[in-house]
Amino acid sequence: MAKWISFDLYDTLFDRTGLFDCVEAIANEIDGVDAKEARTTFADYIADPGNVIPYVDYDLVLRDALIALDYHFGIKDRAFKRNYFHLIAALQNLPLFPDVEHTLKTLINRDYNIAIMANTADDIVMAHTTKLNLPVTLCTSEMVQTYKPDIRFFDTLQRELQFEPDHIHVAANYQTDILPALEMGWTAIWINRHDDPVPDTVEPQHQVKSLKGILEFAK
Numbered sequence: 001m002a003k004w005i006s007f008d009l010y011d012t013l014f015d016r017t018g019l020f021d022c023v024e025a026i027a028n029e030i031d032g033v034d035a036k037e038a039r040t041t042f043a044d045y046i047a048d049p050g051n052v053i054p055y056v057d058y059d060l061v062l063r064d065a066l067i068a069l070d071y072h073f074g075i076k077d078r079a080f081k082r083n084y085f086h087l088i089a090a091l092q093n094l095p096l097f098p099d100v101e102h103t104l105k106t107l108i109n110r111d112y113n114i115a116i117m118a119n120t121a122d123d124i125v126m127a128h129t130t131k132l133n134l135p136v137t138l139c140t141s142e143m144v145q146t147y148k149p150d151i152r153f154f155d156t157l158q159r160e161l162q163f164e165p166d167h168i169h170v171a172a173n174y175q176t177d178i179l180p181a182l183e184m185g186w187t188a189i190w191i192n193r194h195d196d197p198v199p200d201t202v203e204p205q206h207q208v209k210s211l212k213g214i215l216e217f218a219k
């Protein structure tokens, strides 16, 4: 049976800071808008599961988040929405965390197959995989028509790829990835780069401060 290890995409492999920096930069160009508040409001919108039920493609989620900012700040000329393509460009150009390439190459050399579970759209994720330039199997929200933490996302990948009972899932996002991975009975490794407290009463099997730390557990 093939040996698999799965990863979240954003905040785990790709640093999403640039997406929120883009929102803040847009806000700084709009009179009367608090840029930090815009950043937080945008982040809250895209993290709210209620905004993707029923299923909405991720590019439309981002567009709707900008529209929500226009309404939130009472902006009449749709100044946030008009910057939609700038936001998409910022998302497509997110950088990898520095230790990603080495870690994934090491896992591939250890005969692991890499699966990436991404709350994103197919066309957006292609820009990321081009930058990654490694053999990976992708599963996006668009493919399964739902978003993590919906357990159906995880169950679909489990059935399609036939993960072993001791399957490892790696993620920085606790609510969307670690908790459902534990519900699936997988081994969950939490990437806790900032020494945050465990945000739930359910703890992962392992915590590491960087992606390369998972190599200790994925032999």
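The sequence shown begins at 1 in UniProt numbering and counts up one residue at a time. Cβ atoms here follow ideal geometry from the backbone N, Cα and C, with glycine treated the same way.
- [ ] Name the two residues that bound the continuous beta strand (DSSP E) containing Thr137.
- [x] It spans Val136 to Thr140 - the beta strand (DSSP E) in which Thr137 sits, taken as one unbroken run.
Open item on the list: Using 8 Å as the threshold, is the C-beta distance between Tyr58 and Ser141 below it?
Closed with: Yes. Within cutoff.
Open item on the list: Please classify His128 as buried or exposed, where buried requires at least 16 neighbouring CB atoms within 10 angstroms.
Closed with: In summary, His128 is buried, with 16 or more beta-carbon neighbours lying within 10 Å of its beta-carbon over all protein chains present.
- [ ] Taking 8 Å as the threshold, find out whether the segment 30–46 comes into contact with the segment 98–115 through three or more Cβ pairs.
- [x] Judged by Cβ distances under 8 Å, the segment 30–46 makes no contact with the segment 98–115, as fewer than three pairs qualify.
Open item on the list: Taking the alpha carbon of Pro49 as the reference point, which residue from Lys131, Lys148 and Leu132 has its own alpha carbon closest?
Closed with: Nearest to Pro49 by alpha-carbon distance, out of Lys131, Lys148 and Leu132, is Lys148.
Open item on the list: For Phe153 and Ala188, what's the separation of their Cα atoms in angstroms?
Closed with: Roughly 16 Å between the two C-alpha positions.
TODO: Could you tell me the boundaries of the beta strand (DSSP E) in which Phe7 lies?
DONE: DSSP places Phe7 inside the beta strand (DSSP E), whose first and last residues are Trp4 to Asp8.
TODO: Answer yes or no: do Leu161 and Trp4 have a C-beta to C-beta separation smaller than 8 Å?
DONE: It is a contact, given that the beta carbons lie within the stated cut-off.
Open item on the list: Rounded to whole angstroms, what is the Cα-Cα separation between Tyr174 and Gln207?
Closed with: So the alpha carbons of these two residues sit roughly 11 Å apart.
- [ ] Output the distance between the C-alpha atoms of Asn93 and Thr103, rounded to the nearest integer angstrom.
- [x] For Asn93 and Thr103, the distance between alpha carbons rounds to 21 Å.
Task: His86 to Cys22 span [Cα, whole Å] - done: When only Cα atoms are considered, His86 and Cys22 end up about 8 Å apart.
Open item on the list: Going by DSSP in three states, Val198 sits in which element: helix, strand or coil?
Closed with: Coil at Val198, not helix or strand.
TODO: Pick helix, strand or coil for Leu96, following the three-state DSSP scheme.
DONE: Under the three-state reduction of DSSP, Leu96 is assigned to strand.
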